[in-house]
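Following: one structure in structure tokens, then a few remarks.
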Amino acid sequence: MRKAINFAERREERGAVDDPAVVLEAAARFLEARSRSVAEVRRRLGRAGYNAELIEGAIVRLGELGMLDDEAFGRAWVESRDRARPRGEIALRRELSLKGVDRSIVNDLLEERRAATEPDDVGLGRGPDFAAAERLLARNERALTRVSDPRQRRQRAYALLARNGFDPETCREAASGVMSGTRDSTVDESAVDEA
Numbered sequence: 054m055r056k057a058i059n060f061a062e063r064r065e066e067r068g069a070v071d072d073p074a075v076v077l078e079a080a081a082r083f084l085e086a087r088s089r090s091v092a093e094v095r096r097r098l099g100r101a102g103y104n105a106e107l108i109e110g111a112i113v114r115l116g117e118l119g120m121l122d123d124e125a126f127g128r129a130w131v132e133s134r135d136r137a138r139p140r141g142e143i144a145l146r147r148e149l150s151l152k153g154v155d156r157s158i159v160n161d162l163l164e165e166r167r168a169a170t171e172p173d174d175v176g177l178g179r180g181p182d183f184a185a186a187e188r189l190l191a192r193n194e195r196a197l198t199r200v201s202d203p204r205q206r207r208q209r210a211y212a213l214l215a216r217n218g219f220d221p222e223t224c225r226e227a228a229s230g231v232m233s234g235t236r237d238s239t240v241d242e243s244a245v246d247e248a
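Residue numbers (this note's numbering): 54 to 248.
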């Protein structure tokens, strides 16, 4: 019967690996669950104990194969958040930064998001953050309407939005709509229910 290998021994074995295919396979397995940023893959392989030179080779090869692309990863992340779990620009910037996406790529992605805003919303001074705030409030409408005091309802709405990375101005505007009970009717309720 084979003796169990502890973590340190396993890491030492991986450090002795000199076959790029082994590192490439480990990276590909890591990417099976979901797409990842280059920094996430680099960190994961580094923690596993693989040689830094082989890690870089695997990252380059995965990039050539189109399996590893920070811009595509960031775009998918922003779209996913906008669709399923609305977040403000502050939170999106923080999340992508934690994932290791380069600041210039994050800035470009958030600029694209702003540019994709409906022309009517831009005229009203409302960007994608306001629309995301409206969707988040619509999702939490039942919990917010349980509070009978309008002032407390607005405070809870503001706090909810602030926790989800919306800037103070967006929080104030969207939360005041909850207080007055006149949330923007341009939010597509069916889209909220589907997500």
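All C-beta atoms, glycine included, are put in the ideal place defined by N, C-alpha and C. Only a predicted model underlies this, so the values are computations on that prediction, with no experimental measurement involved.
By the Cβ-count criterion, Arg188 is buried, with 16 or more other Cβ atoms from all chains shown falling within 10 Å of its own Cβ. Taking 8 Å as the cut-off, the beta carbon of Gly141 is found no closer than this to the beta carbon of Asp202. Cβ-Cβ separation between Ala227 and Ala210: approximately 7 Å, consistent with a contact (criterion under 8 Å). In this structure, DSSP gives Ala184 a helical state, which the three-state scheme calls helix. Each of Ile112, Glu106, Arg96 and Arg87 was checked against the Cα of Glu78, and the nearest Cα belongs to Ile112. Per DSSP, Val200 lies in no alpha helix (DSSP H) and is assigned neither H nor E. In this structure, Glu93 is the residue among Glu194, Glu93, Asn104 and Leu197 with its C-alpha nearest to the C-alpha of Asp123.
For Ile143, same chain residues with a beta-carbon under 8 Å away, outside a window of 5 residues either side, are Gly218, Phe219 and Asp220 in chain order. Contact between Val91 and Gly153 holds, since their C-beta atoms are separated by about 7 Å, short of 8 Å. Ranked by how close their Cα comes to the Cα of Arg82, the residues Leu98, Glu164 and Arg195 have Leu98 in first place.
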